[in-house]
Amino acid sequence: MGGVLLRRPKITRAIPVGSIINCADNSGAKKLKVIQVVGYKGRLKRRPAACVG
(Lines of atoms letter the chains of each structure in order from A and count residues from 1; the text may use other names and numbers.)
(Lines give C-alpha, C1' and ligand atoms only; values in the text may rest on other atoms or scores of the structure.)
Protein backbone atom coordinates (compact mmCIF):
# COMPACT_ATOMS: atom_id res chain seq x y z
CA MET A 1 0.00 0.00 0.00
CA GLY A 2 2.88 2.37 0.68
CA GLY A 3 4.24 3.31 -2.76
CA VAL A 4 1.28 4.16 -4.95
CA LEU A 5 2.13 6.16 -8.07
CA LEU A 6 -0.44 8.60 -9.38
CA ARG A 7 -0.58 9.07 -13.13
CA ARG A 8 -1.28 12.61 -14.21
CA PRO A 9 -2.26 13.47 -17.76
CA LYS A 10 0.48 15.10 -19.81
CA ILE A 11 -0.41 18.73 -20.46
CA THR A 12 1.11 20.11 -23.65
CA ARG A 13 3.40 23.10 -23.14
CA ALA A 14 1.80 25.39 -25.71
CA ILE A 15 2.63 28.87 -24.35
CA PRO A 16 6.15 29.87 -25.48
CA VAL A 17 8.20 32.66 -23.93
CA GLY A 18 7.38 36.00 -25.54
CA SER A 19 3.73 35.22 -26.27
CA ILE A 20 0.92 37.66 -25.45
CA ILE A 21 -2.05 36.21 -23.54
CA ASN A 22 -5.49 37.78 -23.03
CA CYS A 23 -6.25 38.24 -19.33
CA ALA A 24 -9.65 37.05 -18.08
CA ASP A 25 -9.67 38.15 -14.43
CA ASN A 26 -10.35 41.41 -12.60
CA SER A 27 -6.70 42.48 -12.11
CA GLY A 28 -7.01 45.41 -14.52
CA ALA A 29 -4.53 44.05 -17.05
CA LYS A 30 -5.83 43.29 -20.53
CA LYS A 31 -2.83 41.49 -22.01
CA LEU A 32 -0.03 39.55 -20.34
CA LYS A 33 3.39 38.72 -21.78
CA VAL A 34 5.24 35.54 -20.80
CA ILE A 35 8.78 36.56 -19.88
CA GLN A 36 10.11 33.47 -18.09
CA VAL A 37 9.23 29.86 -17.31
CA VAL A 38 10.08 28.86 -13.75
CA GLY A 39 12.04 25.64 -13.37
CA TYR A 40 12.67 25.10 -17.09
CA LYS A 41 15.72 23.00 -17.96
CA GLY A 42 15.98 22.78 -21.71
CA ARG A 43 18.42 21.88 -24.41
CA LEU A 44 20.26 23.83 -27.08
CA LYS A 45 18.04 25.94 -29.40
CA ARG A 46 14.77 24.81 -27.76
CA ARG A 47 12.56 27.69 -26.68
CA PRO A 48 11.14 27.41 -23.18
CA ALA A 49 7.38 27.00 -23.01
CA ALA A 50 4.78 26.88 -20.26
CA CYS A 51 1.45 25.14 -19.76
CA VAL A 52 -1.75 25.92 -17.92
CA GLY A 53 -1.92 24.75 -14.35
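Take 1 as the starting number for the sequence shown in our numbering and just add one per residue.
By construction, the Cβ of each residue, glycine as well, lies at the ideal position given by its N, Cα and C atoms.
Quantities reported herein were computed from a predicted structural model and do not represent experimental measurements.
Would you list the one or two residues that DSSP bridges to residue i?
{"i": "residue 11", "result": "Paired residues: none, contrary to the question."}
{"i": "residue 22", "result": "31"}
{"i": "residue 16", "result": "49"}
Terminal residues of the continuous beta strand (DSSP E) containing residue i?
{"i": "residue 33", "result": "31 to 33"}
Near residue i, which residues of its chain fall below 7 Å by C-beta distance, leaving aside the five closest residues on each side in sequence?
{"i": "residue 40", "result": "48"}
If you drop the 5 nearest sequence neighbours on each side, which residues of the same chain put their C-beta closer than 8 Å to that of residue i?
{"i": "residue 21", "result": "15, 31, 32, 33, 34"}
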